[in-house]
Each structure stands twice: as structure tokens, then as C-alpha cells.
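Here is the structure we will look at.
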Ligand code: GUN
């Protein structure tokens, strides 16, 4: 068996094109959704991510601006930039691109983003709302995974989902979103003893540990849906996920590739969250 490839690029295009009429409704009210990115320093990966985000915004008519700060500008300058954006009425979404330089308290900066503009969904209140099953703004990667599964008509209720990864911005919210959709969820991490004994019983396996090729074919149940959230750079410069794609695709029922999978969905969901934040600010229902 060869797995169905979950084409994140195609689903992301679909999501973006569905945003266009919503942007048009706002335009009629003379509102243009606006996303501001605070970018500190010139981390090569961050520059590439930010370029992709700006391009996706342009595709649907969302205004995007990048506020570049020097690597050694200091925490106070970053906080001041965020504070100015919090009170800027033309900006509906704010992201502070991670990583921030050493010496900057990233949590303090992230928690200073206004709740209703927190389109990364990193604010503790937005994360907490997921726990209670009443999400407001959901982190883009787990939201992208859920969207990818739902748009491929993968049933979630009654399934066993295994999430590898326990980060606050991917693993934990991912697990909570799956729980609220009726899945039975096991949360593992890269240090879980005998990881394969858990993953082999997964109907849906979501790998978000940040370890290249952590998931091998022997760890996957035949026919399982395998979602690869990992983006790891190999010594030769190539990108690879957390899943041994070539081997696992021969055993899984469906699999998301890297690149062209979850990464594209993450960017699309950021634009979707920005449009949603603008709609809420304008009192327009989506
Ligand atoms: N750096 C890598 N991924 C992300 C993300 O999703 N959001 C932010 N703010 N920074 C990142």
C-alpha cells in the first residue's frame, strides 16, 4: 500500500481562497485586515518564514508589515514595539517571530501581545480557552493540522490519536483539540520509553518532537494517518520532518510530506486568524 499524500499546499490554497470573500466584506466597511510581525535580528529561518507569511497575506488582500529590530535592541524596545501595535487600530494581528535573542524574556514579550490580536494564539488566556473547549485564537500549527484532517474527511471521533511532542504551542494544544473532537489521545515525547509501543496503536499519529526521522515504519500501524509537524534541517541543508517519509508512506494510509504539508497550513491559518481578528474587531460574523 502507498499512502494518500495529504497535500498541505493545495489545502492551504483552498483555505486562503475562501478568505477572499470575507476580506471583501470587510473592505466594503473600509477595513483592511492588518498583520504586524515583529522580527528581531536576522535569523535565516525566521526571515524565510516571515517572507512566506507576508506573501500569503498579499494573496488574499491582508495588509502585512514587518517591524525589524536590531538583534541587540533589548527587551524594552521589543515590548515598546508590541505596545505601539497593541494600540494601532489598523493592525488586527500581531506576531513576535521566534526565536528571540538570548537575554530577552520571550514569555514576557509574548504575554504582552493584546489578547484579541494574538493571532499566534500563544497568550496564556487563548491557550486556556482551548482547555475549556471554547477556543478564541488557536495556535496556527495545531489549527492547521485539524483543518488538514477535517478537509480530508479523516474521522477523529472514536479514534486513538498519538501526539509526539509536548510544547505549549504545538503538542499540548494539538492534544486538546483532538480531545474536544472525541479522539482518545496519548501524548508522548521524544524521551518516552518504548515510544513505538504507543505509536503502533495510533489511528492518527502526529509527530511534533523536532527530531529528524524519529518515526520509523516499524512504529506505525498499517493504514494509520501520519501527520508530520517537524521541520528539521539536515547537515546537507535539506529539510526533513520527524517522520521517515519514504519508508512510512509505504505503510501508512495517509501521510503529510515535508515540505508541502503542515508548514503551508500553518501559514494559511495565520492569515485566517488575522481575518478572524479583524472581523471580531469590526463586529462582523465570519
Ligand atoms: N518561529 C517558528 N515558528 C513560529 C511561529 O509559528 N510563530 C512565531 N511567532 N514564531 C515562530
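In our numbering, the protein residues as written are 2 to 287. We put the CB at the ideal spot given by N, CA and C, even for glycine.
Note down, one range per segment and in chain order, each alpha helix (DSSP H) of at least 4 residues found wholly within the segment 102-150. 107-112 and 125-132
Quick one: what does DSSP say residue 93 is sitting in, helix, strand or coil? coil
In terms of alpha-carbon separation, which member of 195, 79, 246 and 232 lies closest to residue 218? Of 195, 79, 246 and 232, the residue nearest in Cα terms is 246.
Suppose you measure from the CA of residue 151 to the CA of residue 248; what does that come to, to the nearest Å? 25 Å
I need the DSSP call for residue 229, collapsed to helix, strand or coil. strand
Residue 67: which of 93, 40, 277 and 79 sits nearest, CA to CA? 40
Nonlocal neighbours in the same chain, by C-beta distance under 7 Å from residue 276, ignoring five residues either side: Contacts found: 20, 23, 24, 34 and 63.
What's the gap between the Cα of residue 170 and the Cα of residue 80? Roughly 21 Å between the two C-alpha positions.
Is it a yes or a no for the segment 246-266 touching the segment 91-98, going by three-plus beta-carbon pairs under 8 Å? no
DSSP three-state call for residue 20: helix, strand or coil? helix
Whose C-beta lies closer than 7 Å to the C-beta of residue 123 among residues of the same chain, with five residues either side of it excluded? Contacts found: 111, 140 and 170.
Do the CB positions of residue 271 and residue 54 come within less than 7 Å of each other? yes
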